[in-house]
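First the structure, in the form of structure tokens, and then the observations on it.
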Amino acid sequence: NTQYKTLNNGEKMPIIGIGTWQASDEEIETAIDAALEAGYRHIDTAPVYGNEQAIGRVLKRWLDAGKVKREELYIVTKLPPVSNRPHEVEPTIKKSLADLQLDYVDMYLIHTPFTLFINEDGSFKLDDEGLMVPDVSTNHAATWVEMEKLVANGLTKSIGVSNFDQEQVARLLKNCKIRPANNQIEHHVYLQQRELVDFCKAEGVVVTAYSPLGSKGIAKFNAGAGLVRDLPDLMDIPEVKEIAAAHGKTPAQVLLRWIIDTGVVAIPKSINPERLKQNLNVFDFKLTDEEVAKLLALDKDLRVCDFAFFHGVERHPEFRFKNQYTN
Ligand code: A2P
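Mind the numbering: the sequence shown is residues 413 to 739 in the working numbering, read in order.
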């Protein structure tokens with residue numbers, strides 16, 4: 413009884429998927445197993461997360477055992493920032509497909525609007541201040557031509573973008589044959605990005621919300637990268653807790669229900685079987701207009717996925733994440 417959102421090409425994307433960033437191979441294998449068991453069919457990954465092979469192993473087991481059919485699965489992966497160049501599109505998706513042990517993915521996204529350079533040893537090229545340098549020759553329309561070929565070649569059913577702002581989406585819409593079907597962005601009660609969401613909706617581009625629960629786990633990642641930043645816990649916001657108590661639901665379920673009600677797809681990440689089930693079980697209650705108003709009023713324009721090492725991109729406004737540097 414999966415619930416779907418229909419894309420502008422008629423394909424159907426499950427409204428809730430499992431996000432897979434920041435989990436070890438072992439954690440991810442257990443989590444994907446538990447997610448499929450719980451009824452998840454939409455899995456969001458990317459080469460940048462380093463877990464496509466682990467996910468591929470689980471998918472192969474499920475497909476070989478006949479426990480799920482390929483057409484029931486909805487697999488999303490992405491063209492990494494270091495490969496965001498026309499000639500790298502096809503070889504890069506082919507590497508993902510080999511790792512995932514699949515013939516096609518359901519959605520292929522350009523992971524970021526900017527392109528990053530790497531050194532010969534695979535490390536990121538940094539400027540004198542230790543910031544990543546974007547490739548100013550990046551041309552979304554040129555990359556998009558190669559993305560469109562992937563649909564023609566059957567390597568993906570749909571194509572889209574991620575972390576694109578309104579201007580970037582609008583420019584692509586004017587310069588494409590196949591319209592992007594999806595824009596995956598950070599979206600939650602503290603970073604609502606209403607203008608961007610409404611624009612995408614009006615243009616028939618389905619929005620997927622990453623970090624829908626505020627990505628608590630990012631604290632660990634930031635600490636590992638030497639970044640110390642206090643981040644709010646969205647599940648601890650008094651209004652969210654109050655609404656949850658009124659419905660006998662958890663704060664996470666309220667945060668997800670709110671996203672779904674705004675017509676947006678959500679990909680909460682969890683490696684815990686109980687929480688995975690919880691996050692899928694959000695269709696049996698409804699927020700009142702008053703509750704929705706309370707949640708809308710929480711917007712703080714606060715981006716959680718704000719990494720200092722991306723700030724070199726800031727000098728090139730054409731690739732900037734909107735609102736990235738506001739907190
Ligand atoms: P865990 O994987 O241990 O469940 P986001 O999807 O916004 O990135 O948030 C993911 C973070 O939220 C992870 O730290 C995850 O931890 C935690 N999380 C996921 N689902 C729930 C839930 N239902 N209740 C509480 N925490 C959750």
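All C-beta atoms in this analysis are idealised placements derived from N, C-alpha and C, irrespective of residue type, glycine included.
Straight-line gap, residue i to residue j (C-alpha atoms, nearest Å)
i	j	result
residue 413	residue 451	8 Å
residue 426	residue 446	17 Å
residue 682	residue 421	30 Å
residue 403	residue 432	Nothing about residue 403 can be read from this structure; the chain reaches only from 413 to 739.
residue 416	residue 448	16 Å
residue 482	residue 441	18 Å
residue 590	residue 571	8 Å
residue 473	residue 453	15 Å
residue 599	residue 582	19 Å
residue 485	residue 700	33 Å
residue 487	residue 424	12 Å
residue 604	residue 674	10 Å
residue 660	residue 550	49 Å
residue 529	residue 541	15 Å
residue 521	residue 717	18 Å
residue 643	residue 614	32 Å
residue 653	residue 662	7 Å
residue 736	residue 597	Low confidence applies here, because residue 736 scores a pLDDT of 40, under 50, leaving its location unreliable; read the following figure in that light. So the two alpha carbons sit approximately 12 Å from each other.
residue 738	residue 580	The predicted model places residue 738 with a pLDDT of 32, which falls under 50 and marks its position as unreliable, so this point remains unresolved.
residue 437	residue 602	30 Å
residue 697	residue 527	42 Å
Contacts around residue i, its chain only, beta-carbon distance under 6 Å, and the 5 residues preceding and following it disregarded
i	result
residue 576	525 and 595
residue 671	621, 624 and 678
residue 578	608 and 611
residue 553	587
residue 619	595, 609, 612 and 676
residue 511	464, 465 and 468
residue 498	554, 555 and 558
residue 616	420
residue 430	447, 452 and 455
residue 470	441, 444 and 445
residue 565	none
residue 418	424
residue 569	423 and 518
residue 480	474
residue 706	651
residue 685	446
Beta-carbon proximity list for residue i, same chain, < 8 Å, skipping 5 on both sides
i	result
residue 523	458, 460, 490, 491, 492, 493, 496, 574 and 575
residue 509	515, 516, 517 and 567
residue 584	552, 553, 556, 573, 576 and 592
residue 688	430, 443, 446, 447, 450, 452 and 682
residue 439	683
residue 664	625, 647, 680, 687, 690 and 691
residue 428	415, 452, 454, 668, 672, 677, 678, 679, 680, 691, 692 and 694
residue 734	Low confidence applies to residue 734: its pLDDT is 45, below 50, so where it sits in the model is not reliable, and the reading given next is rough at best. Closer than 8 Å at the Cβ level, and outside the excluded window around residue 734, lie 577, 578, 605 and 608.
residue 658	703
residue 563	569, 570, 571 and 590
residue 537	528, 529, 530, 531, 544 and 545
residue 513	468, 469, 471 and 472
residue 534	none
Per DSSP, the bridge partner or partners of residue i
i	result
residue 536	530
residue 596	574 and 620
residue 517	568
residue 431	456 and 681
residue 489	520
residue 416	426
residue 544	538
residue 603	600
Heavy atom of the ligand MN within 8 Å of residue i beta-carbon
i	result
residue 543	You won't find the ligand MN in this model; what it holds is the ligand A2P.
Sequence-distant residues of its chain with Cβ nearer than 7 Å to residue i (five each side left out)
i	result
residue 435	443, 463 and 683
residue 548	728
residue 628	645
residue 703	655
query = So which residues put a beta carbon under 6 Å from any heavy atom of the ligand A2P, going in chain order?
reply = Every residue passing the under-6 Å Cβ criterion appears here: 431, 623, 624, 625, 626, 627, 628, 629, 647, 662, 664, 680, 681, 682, 683, 684, 687, 690 and 691.
Contact the segment 704 to 718 vs the segment 445 to 464: 3+ CB pairs below 8 Å = Between the segment 704 to 718 and the segment 445 to 464, the count of Cβ pairs shorter than 8 Å is below three; the stretches do not touch.
task = Check whether the segment 647 to 654 touches the segment 692 to 699, taking contact to mean three or more Cβ pairs, one atom from each stretch, closer than 8 Å.
result = no
query = Touch check for the segment 499 to 509 and the segment 559 to 566: three-plus C-beta pairs under 8 Å?
reply = yes
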